[in-house]
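Q:
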Amino acid sequence: MARGNMIGASVQRHEDPKLITGAGNYVDDIKLPGMLYVGIVRSPYAHARITRVDMEAARRNPHVRAVLTGKELRERQKLPLTITWVIPADLKAPDHWAMATDTVHYVGEPVAAVLVDDRYAIEDAIDLVEVEYEPLPVVTGPEQALAEGASLVHPELGTNKAYTFSASSGDIEAAFTAAPVVVKQRLVNQRLAPIPMETRAIVAQYVGPMRELTMWASTQIPHLLRHHVAEMLGLEENHVRVIAPDVGGGFGSKLNVLPEDVIVPMLSMISGQAVKWIEGRSENLMNTVHGRDMVDYVEIAADQDGTLRGVRTVIYADLGAYCRFFAAGLPVLAGLMLPGNYKMAGFKVDIHVAYTNKLFVDAYRGAGRPEATYAIERTLDILADRLGMDPAELRRKNFVQEGDWPYTSPTGLAYDSGNYVPTLDKALQMADYATLRQQVDTHNAGNPAVRKGIGIAAYVEIAGWGPGQATAGLGVRNQLFGSATVRVNRSGSVEVYAGASGHGQGHVTSWAQIAADQLGLADTSVRVYEGDTSMIQTGVGTFASRSVSVDGTGVHIAAKRIREKMLQIAAHQLEAAPEDLDVADDHFSIKGVPGRTVTFAKIADSANTAHDLPAGMEPGLEETAFFDPANFTYPFGIHICMVDVDTETGETKLTRYIAVDDCGNVINPMIVDGQVHGGVAQGVAQALWEEVVYDADGQLITGTLMDYAVPFSSDLPMIETGSTVTPSPVNPLGVKGVGEAGTIASTPATVNAVIDALSGLGVVHIDMPLRAEKVWRAVHGGQNGHAPAPAHAGPSGHGEGTHDAGMHGDTATAQGGQA
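If you read the sequence shown in my numbering, its first letter stands for residue 31, the second for the next number, and so on.
1. Going by C-alpha distance, which of 595, 653, 668 is nearest residue 646?
2. Tell me, to the nearest whole angstrom, how far the beta carbon of residue 758 is from that of residue 579; I am working on the premise that it is less than 8 angstroms.
3. Please report the distance separating the alpha-carbon of residue 847 from that of residue 483.
4. When the distance is taken between beta carbons, is residue 318 closer than 8 angstroms to residue 329?
5. Expressed to the nearest angstrom, what Euclidean distance is found between the alpha-carbon atoms of residue 684 and residue 260?
6. Evaluate residue 256 with the Cβ neighbour count: other Cβ atoms within 10 Å of its Cβ, from every protein chain shown; 16 or more gives buried, anything less gives exposed.
7. Beta-carbon within less than 7 angstroms of residue 137's beta-carbon, same chain only, minus the 5 sequence neighbours each way: which residues are those?
8. What whole-angstrom Cβ distance do residue 344 and residue 380 have, given they're in contact under 8 angstroms?
9. In whole angstroms, what is the alpha-carbon distance linking residue 623 and residue 604?
10. Out of 755, 581, 745, point me to the one whose CA is closest to residue 695's CA.
11. Just the Cα atoms here: how many angstroms apart are residue 636 and residue 556?
12. Using only the alpha-carbon positions, how far apart do residue 97 and residue 88 sit?
13. Classify residue 199 as helix, strand or coil using the three-state DSSP reduction.
14. For residue 619, which beta-bridge partners are listed by DSSP?
15. Helix or strand or just coil, what does DSSP make of residue 206?
16. Quick one: what does DSSP say residue 595 is sitting in, helix, strand or coil?
17. Is there contact here, the region 401-420 with the region 188-202, by at least three beta-carbon pairs under 8 angstroms?
18. If I measure Cβ to Cβ from residue 422 and keep anything under 7 angstroms in the same chain, skipping five residues before and after, which residues do I get?
19. Rounded to a whole number of angstroms, what is the C-alpha to C-alpha distance between residue 284 and residue 491?
20. Using only the alpha-carbon positions, how far apart do residue 204 and residue 587 sit?
21. Residue 384 by DSSP, collapsed to three states: which one?
22. On a Cα-Cα basis, can you pick out the residue from 302, 354, 254, 479 that is closest to residue 572?
23. In the structure shown, what three-state DSSP assignment does residue 502 receive?
24. Let me check understanding here. Comparing Cα to Cα, which of 707, 71, 336 lies closest to residue 771?
25. Please return the same chain residues whose Cβ sits closer than 6 angstroms to the Cβ of residue 331, not counting the five positions on each side in sequence.
26. Determine, using beta-carbon pairs with one atom in the region 551-571 and one in the region 262-277, whether at least three such pairs fall under 8 angstroms.
27. For residue 378, which residues of its own chain have a beta-carbon under 6 angstroms away from its beta-carbon, when the five flanking residues on both sides are left out?
28. Between the region 359-371 and the region 397-407, do three or more beta carbon pairs fall short of 8 angstroms?
29. To the nearest angstrom, how far is the alpha carbon of residue 155 from that of residue 352?
30. Count the other C-beta atoms from every protein chain shown that fall within 10 angstroms of the C-beta of residue 47, then say buried if there are 16 or more, exposed otherwise.
31. Using a C-beta cutoff of 8 angstroms, does residue 424 count as contacting chain B?
32. Identify which residue in 404, 628, 131 has its Cα closest to the Cα of residue 215.
33. Classify residue 698: buried if its beta carbon has 16 or more other beta carbons within 10 angstroms, exposed otherwise.
34. For the region 288-307 against the region 62-69, are there 3 or more C-beta pairs whose distance is under 8 angstroms?
35. Can you give the Cα-Cα distance for residue 691 and residue 527, rounded to whole angstroms?
36. Pop quiz: residue 245 and residue 231 are said to be a contact at Cβ under 8 angstroms. What is the actual Cβ separation, rounded to whole angstroms?
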């Protein structure tokens, strides 16, 4: 391969050698002189009044160097924890301080902290802190929280409702009134824990005479963390440095500013010494943000031939005890993306968002889009079953077609580009779908103990978060544009400083490829830096499938500017016009004249020594680019899942999985495949195994990995990947993003496969996760679990009592549906 033709190449990841040889540098690897260790005292109650906090016994412990109560911290903390996505509606949000002072609102809320000289003394010191509580009533679900007479999580708000939101288009009433077929289903997106391999971790070192704070943090957003920590601690932002070293996964859980981000540096300020806090796994399950936790009531109106007339949905979303960083926007995002890939004459969504006495939720891989895709894709399969129509053909019939572009969705989102039918055709071809469908139907017709199923899911997601005007209109307070600096040294080596901060996505490799492609170099000539706020001018972070389309584009633009300057220098030295030159293989050469060349290193030396430059040219080769796209990007795809379901045990086994994704142009296909594989694993895990469970008293039941069922590699088959390419017009690379695609599509594809296997037994729906005992109960006639619907709102927005028969009538009966 000629050096410079790097886009689309599956080069080996630059990050891997140090990671697989144990040479990585994580927060827990950082050791500083005189370092002390932080332990946090947490509430054992979901809702209680604090009546006494006694720190005296802890103070007397010889290992304890400092203690901190909620009231002491409250006196020092300048601002509450920030909310960065404020829905432009009637959002009610309580102040969220880093420690509770009078009342605790969820199990695990910090009430005090200890600072010790030996990390093995942490638990002993915590046990010496005496806290007395007066228990208060608890609410643990959004529908319960919004019911009349529910106890209030935050009495000062006068309600448990955070906000309501509605969106609609077309004549939804006419669509349903005239429809010959209506299907309805209540769907649960259960609460999940992100489970990064590395838990959260912070080292803080405050130098009092200089008023300088350095934080090493396992975070996805070092620049945003610096800004908000400086605000809350009353420090100048340029006196705070945040470093994200190697980060062992995040999946959204480290896209936040959480209580420990205040507590830990505050203890360094109090003690004058470096301090370290490493989160335990049970702490992580109890205190790091959860995801999902939405209940949807979905109705689809259609013609007998499968043409969609309208979709209307009511969403109940649980924020937990507080509104965190991006959390307020996620239910709205789910509502806005619920129409998916499909055209329809009418659409309506009503969203009710509540506080409960559980840990706060926030972004978890996919963040709103998995919830939306599951709602529409699961209900479409119910419609296909009702009509006796093949699920693939039902989707094909209702897709936005090639001739419909430019296309604006029923919720007003202008999709950047798409071509859904070829992606469906490719997935069906890879699966040999027609033959497979016949084989499955023939097998199941014999009523075997192990039944086979095929599940299909289409998705389109909103990605490439960056458009300043659009995100501001959605209520996002922080800037989300991309940034990068590219520098060519005198020797000809290249450095890239990127605003995104990776935690497994392969940025170091991809940014090197993008820069090398412009500069005519090998990717190994480029070194990439990220995650250090003192080295990188500004940045946002890595989330929402945004990095390549905004920060990667920043790398592209900055490298292109350097290329253009180097072409001018080379043209001057070769006595030619810049447009007559080629750049490749570390050389600038005159087109068609093989012997007339100048090396890349020679041009770099000239620029950095101000030697033999065009008249008036400024020396140096360094460019910084900021990229604020005009629109989001909208990746899409088709996933097909095949399962065996043992009706005697309820166990589900995945036998084959096909993922065809379109993320626009691809920088590194191997990295894209890796992202899809990881996303599929997480989405399948939600479908079949994972669930955060609280009891009626708000106690976390799944507080260890013995109880929270993360899958093993042996639970998954080899994932077959394919792609189509529909470039995005909103960035010069034509890229869209792929980090969340697998998570979005795999959940409904897997559930649809299981229900397909059981459809001949009268099972129409089972709520996630489809654990063995739930499947067994559905097959063997367990209670159908049709819980009474809430009376205070309905899917049509008609008010009292409209859910009753609507959501649980014969069109959505599930034998054992929610056992």
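Note that CB positions come from ideal geometry on N, CA and C, so glycine has one too.
A: Taking the geometry as given:
1. Answer by Cα proximity: 595.
2. The Cβ separation is near 7 angstroms, so the contact holds.
3. Its pLDDT being 32, under 50, residue 847 is placed unreliably by the model, and the measurement read from it follows with that caveat. Note on geometry: alpha-carbon atoms of residue 847 and residue 483 lie some 17 angstroms from one another.
4. Taking 8 angstroms as the Cβ cut-off, residue 329 and residue 318 do not qualify as a contacting pair.
5. When rounded, the distance between both Cα atoms is 48 angstroms.
6. With 16 or more other Cβ atoms within 10 Å, it is buried.
7. For residue 137, where only same-chain residues beyond five positions count, the Cβ hits under 7 angstroms are 73, 74, 75, 76, 316, 728, 729, 730.
8. About 5 angstroms separates the two Cβ atoms, so the contact holds.
9. Between residue 623 and residue 604, the C-alpha separation is close to 11 angstroms.
10. The closest CA to that of residue 695, considering only 755, 581, 745, is found on 755.
11. Residue 636 and residue 556 have their alpha carbons spaced roughly 19 angstroms apart.
12. One C-alpha to the other measures close to 8 angstroms.
13. Shown here, residue 199 sits in a strand according to DSSP, grouped into three states.
14. Its beta-bridge partners are 612, 627.
15. Here residue 206 sits in helix by DSSP.
16. Looking at residue 595 - three-state DSSP - the assignment turns out to be helix.
17. Segments in contact, no.
18. Result list for residue 422: 454, 458, 463, 486, in chain order.
19. Going by the C-alpha atoms only, they are around 21 angstroms apart.
20. Approximately 50 angstroms between the Cα atoms of the pair.
21. Three-state DSSP puts residue 384 in a strand.
22. The residue among 302, 354, 254, 479 with its C-alpha nearest the C-alpha of residue 572 is 254.
23. Helix at residue 502.
24. Per the C-alpha coordinates, the member of 707, 71, 336 positioned closest to residue 771 is 707.
25. Same-chain partners within the cutoff: 205, 206, 209, 212, 339, 340.
26. The region 551-571 makes contact with the region 262-277; the number of CB pairs closer than 8 angstroms reaches 3 or more.
27. Counting only Cβ-Cβ distances below 6 angstroms, and skipping sequence neighbours, we find 198, 202, 342.
28. At 8 angstroms Cβ cutoff, the stretches touch.
29. About 28 angstroms.
30. Under this definition residue 47 is an exposed residue.
31. Here there is only one protein chain, and chain B is not present.
32. Among 404, 628, 131, the Cα nearest to that of residue 215 is on 404.
33. By the C-beta density criterion, residue 698 is buried, having at least 16 other C-beta atoms within 10 angstroms.
34. Counting Cβ pairs under 8 angstroms, three or more are found: they touch.
35. Taking the straight line from one Cα to the other gives about 29 angstroms.
36. With a Cβ gap of about 11 angstroms, residue 245 and residue 231 do not count as contacting.
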